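Everything below concerns the one structure shown next.
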Amino acid sequence: MATSAEKILSKASGARQVKVGDLVVADVDFVFAHDGTAPLMIDVIREFGVSNLKLAGKSSLFIDHAAPSPSVQSSILHRKMRDFATIHGIKLYDVGEGVCHQVVLDNELVKAGEVVVGADSHTTIHGAVGAFAVGVGSTDAAFALATGKLWFRVPETIKITLKGPSLGFGVSAKDIALALLGKLGTDGARYMALEYHDLLRPSLSKSSRATIANLSAEMGAKAALFPVEPYVPDADADYFSEIELDCSSLEPLVAKPPLPSNVVSVSEVEDVEVDEVFIGSCTNGRFEDLSAAAEILRNRRVKEGLRCIVIPASRHVYQEALEKGIIEVFLRAGCVVGPPTCGPCVGAHMGLLGPGEIAVSTANRNFTGRMGDPSAKIFLASPATAAASAVEGRITDPRKYLKK
Amino acid sequence: MIRGKAIKLGDDVNTDLVIAGRYKFRSISIEDMAKHIFEDLDPTLASKISPGDIIVAGKNFGCGSSREQAPRVMVAAGISAVVAKSFARIFFRNAINIGLPAITVEEKFVDSTADGDLLEINLERSSLKNQTRNIEVKFNPFPKMLLEILDAGGLVSYVKKKGSLLQ
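Respectively, the protein sequence lines represent chains A and B.
Note that the numbering used here has the first sequence beginning at 1, numbered continuously upward.
Note that the numbering used here has the second sequence beginning at 1001, numbered continuously upward.
Below, the structure written as structure tokens:
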């Protein structure tokens, strides 16, 4: 009967059973915003003219997009967030704590079956733990924070089965997500929920699931769910469509500019010379990702003339990487290691691209102008592919640096 | 009734193209950002927009970042409505929430409309007319609540008019 998304929305809206297309008002369990969206959210709260915020105790603010502040104007916005958080008793994660999504995952602020509203498009990431997590704009976030509720259209669901038995050699969750982006395009899941069924052995880690749920936003998805009991779908759930992906035959993939759906095999772009490699972001800045990159960069050097910027997604990730000796691997290889932040992914600071420059990034978007000058080009790839490219100074298949 | 001349754009116009992230973190006022609207798509476009103009775009308009600055900058630049083959969901919600009509129409209408054509939108009748080419189409009517939000000029004014946040 019901998909995972429908089960969660039924519970959250007090309906017996919601149907695709219904408009429901759902109770929101957790709401958050960052320095790219919170300042506007604060303005909207003021326009609403409410002083008592229903969800203040179940919300967080994050300073992660331009953190630490690269400009006086950003500093003013950050100050506005701190003042607002103090007045309303909202938990604020300040500069250095990390990218909002990773801090939420590290601290387990979101649980399976919850309805989560984030003023960031990659909020779909929290489906990695089974939550119905939706990205919204500042006005919706303000509404949810003030009232504890938000209206949703019950989405269709696409069932995606990840088949094995195991992941192909040199292939990671990023390549799974890129393969799906290649199939679905930038709008194949528009307004829909993606429901992932992981048949791989060993099954995907929470970190890998996060990467896939995160990139589901680039397919247009409203939510991405790795279902968790009791919100697993019924055997006879109705799906809009079903996709099976053979993960054992996948190869390392790359998304060419200017869309994350322009996916090709790494071998098709191997001659492209690279100026900058960025390893980080909410998509691929976790410990698992840094480890995969370090495996290749250990006892090797970043190509002369190329800059390799590594940014752990959170303080927690940074600390773990430091304790396990991974930060040292990056430093010895000649990488720049930055403080936990979104970094160059959003084009705010820390490694913007100049005219005509080419980057390999482990992040989520290769849109024109995303990381700096509009004539710069961004290729999206896995941490392993990014690290191998940093060693050679051109886009490189990571398998040649890995032991089978 | 909304009247304006068409500004034609392609598929997958993302919110970074509407307003680049580098401005979002630099300028504070939406009016300042409006000078840079669509800059990475076409640096001359901002100077060509006149008040009341209507964006006519391809599929998946507004994909990408959740930045609500995107529809707000469009309003500040004088755009009166967006007509597209389809909209990315966050942009659609954001547009309605700030009172910018976002209208999904059949592909043929978009394909047969050219830059500068004179358009007329009637939200109550769910009709869209290209006066230059004398083509009229109907679009799926907005749910009542969304029409009321648009009519009020956005979610904030709607809620204030209703007297409470949820009714």
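Every residue gets a Cβ at the ideal spot worked out from N, C-alpha and C, and that includes glycine.
This one's a predicted model, so the numbers in the text were calculated from it and none came from an experiment.
Beta carbon proximity, Arg-1067/B to chain A, threshold 8 Å: Within the second sequence, numbered from 1, the residue matching residue 1067/B stands at position 67. A Cβ of chain A is located within less than 8 Å of the beta carbon of Arg-1067/B.
Cβ-based neighbour list, Leu-1169/B, same chain, cut-off 7 Å, excluding 5 preceding and 5 following: Missing from the structure shown is residue 1169/B; chain B here goes from 1001 to 1167 and no further.
Beta carbon proximity, Gly-1010/B to chain A, threshold 8 Å: Within the second sequence, numbered from 1, the residue matching residue 1010/B stands at position 10. Chain A, which has no Cβ nearer than 8 Å to the Cβ of Gly-1010/B, makes this no.
Alpha-carbon spacing of Val-998/B relative to Gly-49/A, whole angstroms: Because chain B in this structure spans residues 1001 to 1167, residue 998/B falls outside the shown range and cannot be described.
Meets three-Cβ-pair contact criterion under 8 Å: the region 203–211 of chain A and the region 120–133 of chain A: Judged by Cβ distances under 8 Å, the region 203–211 of chain A makes contact with the region 120–133 of chain A, as three or more pairs qualify.
4-residue-minimum alpha helix (DSSP H) runs that sit fully inside the region 259–301 of chain A, ordered along the chain: Fully enclosed alpha helix (DSSP H) runs of 4 or longer: 281–284 and 287–297.
Which of helix, strand or coil DSSP assigns to Asn-1130/B: Start at 1 with the first residue of the second sequence, and residue 1130/B comes out as number 130. DSSP places Asn-1130/B within a strand segment (E or B) once states are collapsed to three.
Whole-angstrom distance between Cys-335/A and Ile-176/A, CA atom to CA atom: Looking up residue 176/A in the first sequence gives position 176. Looking up residue 335/A in the first sequence gives position 335. Rounded to whole angstroms, Ile-176/A to Cys-335/A spans 27 Å at the Cα level.
Thr-362/A, buried or exposed, once every other Cβ within 10 Å from all chains shown has been counted against 16: The count along the first sequence starts at 1 and reaches residue 362/A at position 362. That one is buried.
Beta-carbon proximity check, Ser-1080/B vs Ile-1135/B, cutoff 8 Å: Against the second sequence, residue 1080/B aligns to sequence position 80. Against the second sequence, residue 1135/B aligns to sequence position 135. Not closer than 8 Å, so no.
Neighbouring residues, chain B, relative to Phe-475/A (Cβ below 8 Å): Here chain A covers residues 1 to 404 and nothing more, so residue 475/A does not appear.
Range covered by the alpha helix (DSSP H) that runs through Asp-27/A: Here residue 27/A is taken as the residue at index 27 of the first sequence, counted from 1. First-last for Asp-27/A: 23–27, but that is the beta strand (DSSP E), not the alpha helix (DSSP H).
Assigned exposure category for Pro-39/A - 16 Cβ within 10 Å defines buried: For the purposes of this step, residue 39/A is taken as the residue at position 39 of the first sequence. Counting the other Cβ atoms within 10 Å of the Cβ of Pro-39/A gives 16 or more, which makes it buried.
Residues from the region 106–129 of chain A in contact with chain B, defined by Cβ distance under 9 Å: Taken in chain order, the members of the region 106–129 of chain A whose beta-carbon sits within less than 9 Å of a beta-carbon on chain B are Gly-118, Ala-119, Asp-120, Ser-121, His-122 and Thr-123.
Short CB-CB distance (under 8 Å) between Val-1137/B and chain A: By 1-based counting over the second sequence, the position of residue 1137/B is 137. No, because no Cβ of chain A sits closer than 8 Å to the Cβ of Val-1137/B.
Which listed residue (Pro-340/A, Ile-160/A and Val-310/A) has its alpha carbon closest to that of Leu-200/A: Your numbering for residue 200/A matches position 200 in the first sequence. Among Pro-340/A, Ile-160/A and Val-310/A, the Cα nearest to that of Leu-200/A belongs to Ile-160/A.
Proximity test, Cβ basis, 8 Å: Leu-225/A and chain B: Indexing the first sequence from 1 puts residue 225/A at position 225. Answer no: the Cβ-Cβ gap between Leu-225/A and chain B never drops below 8 Å.
Gly-1101/B at chain A interface by Cβ criterion, 8 Å: The residue you call residue 1101/B lines up with position 101 of the second sequence. Here the sequence assigns Pro to residue 1101/B, which means Gly is not the residue at that position. No, its Cβ sits nowhere closer than 8 Å to a Cβ of chain A.
Residues of the region 136–147 of chain A with Cβ closer than 8 Å to any Cβ of chain B, in chain order: Answer in chain order: Val-136, Gly-137, Ser-138, Thr-139, Asp-140, Phe-143, Ala-146 and Thr-147.
Anticipated Cβ contact below 8 Å, Arg-1022/B with Gly-347/A, distance rounded: Looking up residue 1022/B in the second sequence gives position 22. Looking up residue 347/A in the first sequence gives position 347. With 8 Å as the limit, Arg-1022/B and Gly-347/A qualify as a contact, their Cβ atoms being about 5 Å apart.
Pair within 8 Å by beta-carbon distance, Thr-1104/B and Ala-1084/B: Along the second sequence, one-based indexing puts residue 1104/B at 104. Along the second sequence, one-based indexing puts residue 1084/B at 84. For Thr-1104/B and Ala-1084/B, yes; Cβs fall inside 8 Å.
Test: Lys-222/A CB closer than 8 Å to a CB of chain B: Indexing the first sequence from 1 puts residue 222/A at position 222. Closer than 8 Å: yes.
C-beta contact flag for Val-274/A and Ser-389/A at 8 Å: The sequence position of residue 274/A within the first sequence is 274, counting from 1. The sequence position of residue 389/A within the first sequence is 389, counting from 1. Cβ distance < 8 Å, so Val-274/A and Ser-389/A count as in contact.
Outcome for Asn-364/A when other beta-carbon atoms lying within 10 angstroms are tallied against a minimum of 16: The count along the first sequence starts at 1 and reaches residue 364/A at position 364. The residue in question, Asn-364/A, is buried, as its Cβ has 16 or more Cβ neighbours within 10 Å.
DSSP-derived helix/strand/coil call for Cys-308/A: The count along the first sequence starts at 1 and reaches residue 308/A at position 308. Looking at Cys-308/A - three-state DSSP - the assignment turns out to be strand.
CB contact check: Phe-84/A to chain B, cutoff 8 Å: For the purposes of this step, residue 84/A is taken as the residue at position 84 of the first sequence. For Phe-84/A, no CB of chain B lies under 8 Å from its own CB, so it is not counted at the interface with that chain.
Exposure of Ser-1050/B, with buried meaning 16 or more beta-carbon neighbours within 10 Å: To locate residue 1050/B, count along the second sequence from 1; it is residue 50. With fewer than 16 Cβ atoms within 10 Å of its Cβ, Ser-1050/B is classed as exposed.
Chain B within 8 Å of Leu-367/A, Cβ atoms only: The residue you call residue 367/A lines up with position 367 of the first sequence. Residue identity differs from the one stated: residue 367/A is Phe in this sequence, not Leu. For Phe-367/A, the answer is yes, since a Cβ of chain B falls inside 8 Å of its Cβ.
Cβ distance (whole Å) where Val-269/A is taken to contact Val-254/A below 8 Å: Counting from 1 along the first sequence, the entry for residue 269/A is found at position 269. Counting from 1 along the first sequence, the entry for residue 254/A is found at position 254. Taking the Cβ atoms as the reference, Val-269/A lies roughly 5 Å from Val-254/A, within the contact range of under 8 Å.
Opposing strand residues paired with His-197/A [DSSP bridges]: Reading the first sequence from its first residue, position 197 is the one you call residue 197/A. Answer is Thr-161/A.
Top-ranked residue by Cα proximity to Val-1137/B, from Leu-1155/B, Ser-1112/B and Ser-1066/B: Looking up residue 1137/B in the second sequence gives position 137. Taking only the C-alpha atoms, the option nearest Val-1137/B is Ser-1112/B.
Minimum Cβ-Cβ distance from Pro-374/A to chain B less than 8 Å: The count along the first sequence starts at 1 and reaches residue 374/A at position 374. Chain B, which has a Cβ nearer than 8 Å to the Cβ of Pro-374/A, makes this yes.
Proximity winner among Asp-27/A, Phe-84/A, Leu-23/A and Leu-53/A, relative to Ile-42/A (alpha-carbon distances): Indexing the first sequence from 1 puts residue 42/A at position 42. The candidate whose alpha carbon is nearest that of Ile-42/A is Phe-84/A.
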